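Trainee:
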Amino acid sequence: MAREEQQLTEQESLRLITDMIQKAKKSYYDTGISPLLWGSAVFIASFVTYLQQEFDYKLPFDIWLIVLFAIIPQIVINIRESKFRKFRSHNDIAVDAIWIVYAATLFGLIIYQNVVPAVTVKLINAEGWQMMKHSIINSSVDEPLRPFAPSITSIFILVYAFPTLATGVIKQFRPMIVGAVITYGLFIISCFTENKYDMLLSAITALVCWFIPGIILRKSYLKQKKGNV
Amino acid sequence: MFKELDPILHSQLRLAVMSLLISVKEAEFTFIREKTNSSAGNLSVQVQKLKEAGYIEVNKQFKDNYPQTTCKVTPKGIGAFENYVKALQEYLQVGKQ
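Read top to bottom, the protein sequences are chains Z and A. For the first sequence, our numbering assigns the number 1 to the initial residue and increments by one for each residue that follows. For the second sequence, our numbering assigns the number 230 to the initial residue and increments by one for each residue that follows.
#1: Can you say whether Z/VAL229 is buried or exposed, counting buried as having 16 or more other CB atoms within 10 angstroms of its CB?
#2: Would the beta-carbon of Z/GLN224 be found less than 7 Å away from any heavy atom of the ligand COA?
#3: With a threshold of 8 Å between beta-carbons, can Z/LYS226 be considered close to chain A, or not?
#4: Tell me the DSSP secondary structure of Z/CYS191 in three-state form.
#5: Is the CB-CB distance between A/ASN271 and A/LEU242 below 8 Å?
#6: With distances taken Cα to Cα, identify the nearest neighbour of A/GLU286 among A/ASN312, A/LYS254 and A/TYR320.
#7: Which same chain residues, not among the five before or five after A/HIS239, have their C-beta less than 8 Å away from its C-beta?
#8: Is the beta carbon of Z/TRP64 sitting closer than 8 Å to the one on Z/PRO163?
#9: Going by other Cβ atoms of all chains shown within 10 Å of its Cβ, with 16 needed for buried, is Z/VAL76 buried or exposed?
#10: From the DSSP output, in three-state form, read off Z/TYR57 for me.
#11: Assign Z/ASP198 to buried or exposed, taking buried as 16 or more other Cβ atoms, counted over all protein chains shown, within 10 Å of its Cβ.
#12: Can you pull the chain A residues whose beta carbon is under 8 Å from the beta carbon of Z/ASP92, in chain order?
#13: Can you name the residues of chain A whose CB is closer than 9 Å to the CB of Z/ILE21?
#14: From Z/VAL208 to Z/PHE47, what distance separates their C-alpha atoms?
#15: A/LYS264 lies in the alpha helix (DSSP H); which residues open and close that run?
#16: At a CB-CB cut-off below 7 Å, which residues of chain Z make contact with A/GLU257?
#17: Which word fits Z/TRP210, buried or exposed, when buried means at least 16 other C-beta atoms lie within 10 angstroms of its C-beta?
#18: Which residues does DSSP pair with Z/THR18 in a beta bridge?
#19: Check whether the region 133-141 of chain Z touches the region 184-191 of chain Z, taking contact to mean three or more Cβ pairs, one atom from each stretch, closer than 8 Å.
#20: Rounded to a whole number of angstroms, what is the C-alpha to C-alpha distance between Z/MET20 and Z/GLY39?
#21: Closest to Z/ILE110 by C-alpha separation, out of Z/PRO73, Z/PHE148 and Z/LEU217, would be which residue?
#22: Roughly how many angstroms separate the alpha carbons of Z/MET1 and Z/LEU8, rounded to a whole number?
#23: My output table needs one value for Z/VAL141: the three-state DSSP class, helix, strand or coil.
#24: Give every residue of the same chain whose Cβ lies closer than 7 Å to the Cβ of Z/LEU160, excluding the five residues on either side of it in the sequence, and list them in chain order.
#25: Going straight from the alpha carbon of A/THR303 to that of Z/PHE87, what length do you get?
#26: From the DSSP output, in three-state form, read off A/GLN318 for me.
#27: Using CA coordinates, which residue listed in Z/GLN52, Z/VAL67, Z/LYS83 and Z/PRO150 is at the minimum distance from Z/VAL116?
#28: In angstroms with no decimal places, state the Cα-to-Cα distance between Z/LYS171 and A/ALA282.
#29: Short check: CB of Z/GLY179 to CB of Z/ILE212, under 8 Å?
#30: In chain order, what residues of the same chain lie with their CB nearer than 8 Å to the CB of A/VAL237, ignoring the 5 residues before and after it?
#31: Nearest CA to the CA of Z/LYS133: which residue from Z/LYS122, Z/ARG146 and Z/LEU123?
#32: Which value, in whole angstroms, describes the spacing of the CA atoms of Z/ILE155 and Z/MET176?
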């Protein structure tokens with residue numbers, strides 16, 4: 001039905017406004033590919049790291065490179081989706097901003113994890129002392145100890161929860177809210193566990209924050225697409 | 230005393246366009262046409278009227294060698310829409326009494 005220039009009653013005006021706002025809301029779609037991609041990448045990297053530590057085995061390459069390489073398909077996804085996107089909602093802008101801040105935070109944390117221990121060694125050596133590993137169980141000789149950020153994976157888990165909860169709340173997408181709440185619980189547990197199990201908790205985080213919500217989004221997107229055909 | 234309903238907004242297609250644009254940050258012309266079930270010609274005329282009133286901004290550019298027109302509501306448009314809805318509510322309140 002074409003909408004021609006015609007006089008409206010007050011009730012018709014109000015109905016039209018509600019109708020169009022609902023149409024705009026229903027037009028929103030998320031293919032679910034991005035959460036599936038990141039959920040898979042972080043799950044594989046965390047779980048393989050856990051297996052390596054559990055079975056004292058080392059792969060010839062750093063498994064976390066998989067997360068770095070996931071940036072390439074993400075760029076392709078962004079370009080493809082922007083081609084098909086016919087509108088941008090206010091929520092899209094807010095969610096994009098949150099994920100940019102998250103990426104910057106994660107980048108900063110990776111720099112911190114890799115730079116601070118080496119710099120700390122230099123600084124304390126310049127002061128004329130070093131950290132030593134002293135056993136309280138046996139009388140083995142003390143060894144120099146390289147400083148490290150204790151339970152850094154806990155911090156990563158905590159950071160994973162933040163954009164997930166914010167996205168879930170903004171888009172009113174319950175699976176992401178639930179995933180983030182579970183992740184806060186996993187963060188608390190990880191404060192009490194050794195690094196090996198922190199990696200296992202990190203793998204669970206990837207599943208509950210992104211992979212499972214990604215599957216739900218994908219299913220609903222495909223259903224919506226099928227309905228539109 | 231009743232506020233007069235804004236004649237720019239008190240038209241079916243223009244109100245539909247404004248209601249759609251108020252819900253999003255910006256939208257392509259083709260998206261608006263699809264959601265309002267209007268013809269390109271009629272929509273162009275109404276979009277032009279909204280633009281002349283300063284209620285929307287129209288941006289024309291090329292995307293992948295195809296012309297693309299995007300529309301977004303201006304602060305003036307948001308104010309006008311809010312006033313229109315308030316005026317509508319007043320009318321409807323009186324109607325209920």
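Think of the CB as a built atom: it goes at the ideal place given N, C-alpha and C, for glycine as much as any other residue. Remember, predicted model here, so these are calculated numbers, not experimental data.
Mentor: To lay it out plainly:
#1: Residue mapping note: residue 229 of chain Z aligns to position 229 of the first sequence, counting from 1. With a pLDDT of only 49 at Z/VAL229, under 50, the local geometry of the prediction cannot be trusted, and the value read off the model is given with reservation. Exposed is the call here.
#2: For the ligand COA, the structure offers nothing, since it holds no ligand at all.
#3: Counting from 1 along the first sequence, the entry for residue 226 of chain Z is found at position 226. Taking Cβ atoms only, chain A never reaches closer than 8 Å to Z/LYS226, which makes this a no.
#4: For this step, residue 191 of chain Z is matched to residue 191 along the first sequence. The three-state reading of DSSP puts Z/CYS191 in coil, since its state is none of H, G, I, E or B.
#5: What you label residue 271 of chain A is simply residue 42 of the second sequence in a count that begins at 1. What you label residue 242 of chain A is simply residue 13 of the second sequence in a count that begins at 1. Cβ distance < 8 Å, so A/ASN271 and A/LEU242 count as in contact.
#6: What you label residue 286 of chain A is simply residue 57 of the second sequence in a count that begins at 1. Cα-wise, what sits closest to A/GLU286 is A/LYS254.
#7: As a first step, residue 239 of chain A must be located in the second sequence, where it is residue number 10. Closer than 8 Å at the Cβ level, and outside the excluded window around A/HIS239, lie TYR313.
#8: Stepping through the first sequence from its first residue, residue 64 of chain Z is reached at position 64. Stepping through the first sequence from its first residue, residue 163 of chain Z is reached at position 163. Not closer than 8 Å, so no.
#9: Sequence index remark: in the first sequence, residue 76 of chain Z carries index 76 (1-based). Its Cβ having fewer than 16 others within 10 Å, Z/VAL76 is exposed.
#10: Looking up residue 57 of chain Z in the first sequence gives position 57. Three-state result, Z/TYR57: coil.
#11: Looking up residue 198 of chain Z in the first sequence gives position 198. Under this definition Z/ASP198 is a buried residue.
#12: Here residue 92 of chain Z is taken as the residue at index 92 of the first sequence, counted from 1. In chain order: LYS254.
#13: Taking the first residue of the first sequence as position 1, residue 21 of chain Z is located at position 21. The answer, in chain order, is SER248, LEU249, ILE251 and SER252.
#14: Here the question's residue 208 of chain Z lines up with position 208 in the first sequence. Here the question's residue 47 of chain Z lines up with position 47 in the first sequence. One Cα belongs to Z/VAL208, the other to Z/PHE47, and the distance between them is close to 14 Å.
#15: Residue numbering aside, residue 264 of chain A sits at position 35 when the second sequence is read from its first letter. Start and end: 258-265.
#16: By one-based count along the second sequence, residue 257 of chain A stands at place 28. Think of a sphere of 7 Å around the beta carbon of A/GLU257: the chain Z residues whose beta carbon falls inside it are LYS86 and PHE87, in chain order.
#17: Locating residue 210 of chain Z in the first sequence gives position 210, where the first residue counts as 1. Classification for Z/TRP210: buried.
#18: Mapped onto the first sequence, residue 18 of chain Z falls at position 18. Partner(s): none; Z/THR18 has no beta bridge.
#19: They do not touch, by the three-pair rule.
#20: As a working mapping, residue 20 of chain Z is identified with position 20 in the first sequence. As a working mapping, residue 39 of chain Z is identified with position 39 in the first sequence. Computed Cα separation, rounded: 35 Å.
#21: On the first sequence, residue 110 of chain Z is found 110 positions in, with the first residue counted as 1. Selected option, being the one with the closest Cα: Z/PHE148.
#22: The residue you call residue 1 of chain Z lines up with position 1 of the first sequence. The residue you call residue 8 of chain Z lines up with position 8 of the first sequence. Interpretation of Z/MET1 is limited by its pLDDT of 43, a score under 50 that renders its predicted location unreliable; the figure taken from the coordinates is listed afterwards. Going by the C-alpha atoms only, they are around 16 Å apart.
#23: For the purposes of this step, residue 141 of chain Z is taken as residue 141 along the first sequence, with counting starting at 1. It is coil, neither helix nor strand.
#24: One-based indexing of the first sequence puts residue 160 of chain Z at position 160. For the record, residue 160 of chain Z in the displayed sequence is Tyr; it is not Leu. The beta carbon of Z/TYR160 sits closer than 7 Å to the beta carbons of THR183, THR205 and CYS209 from its chain, once the five residues preceding and following it are set aside; these are given in chain order.
#25: One-based indexing of the second sequence puts residue 303 of chain A at position 74. One-based indexing of the first sequence puts residue 87 of chain Z at position 87. Rounded to the nearest angstrom, the two C-alpha atoms are 16 Å apart.
#26: Locating residue 318 of chain A in the second sequence gives position 89, where the first residue counts as 1. Helix, per DSSP.
#27: Here residue 116 of chain Z refers to the residue found at position 116 when the first sequence is read from its first residue. Closest by alpha carbon: Z/PRO150.
#28: Walking along the first sequence from the start, residue 171 of chain Z turns up at place 171. Walking along the second sequence from the start, residue 282 of chain A turns up at place 53. The alpha-carbon atoms of Z/LYS171 and A/ALA282 are separated by roughly 33 Å.
#29: Walking along the first sequence from the start, residue 179 of chain Z turns up at place 179. Walking along the first sequence from the start, residue 212 of chain Z turns up at place 212. Yes; because the gap between Cβ atoms is below 8 Å, this pair is in contact.
#30: Position 8 of the second sequence, counted from the first residue, corresponds to residue 237 of chain A. Correcting the residue identity first, residue 237 of chain A is Ile in this sequence and not Val. Result list for A/ILE237: ARG243, LYS278, LEU279, ALA282, TYR284 and ALA309, in chain order.
#31: By one-based count along the first sequence, residue 133 of chain Z stands at place 133. Looking from the CA of Z/LYS133, the closest CA among Z/LYS122, Z/ARG146 and Z/LEU123 belongs to Z/ARG146.
#32: Stepping through the first sequence from its first residue, residue 155 of chain Z is reached at position 155. Stepping through the first sequence from its first residue, residue 176 of chain Z is reached at position 176. Whole-angstrom Cα-Cα distance: 19 Å.
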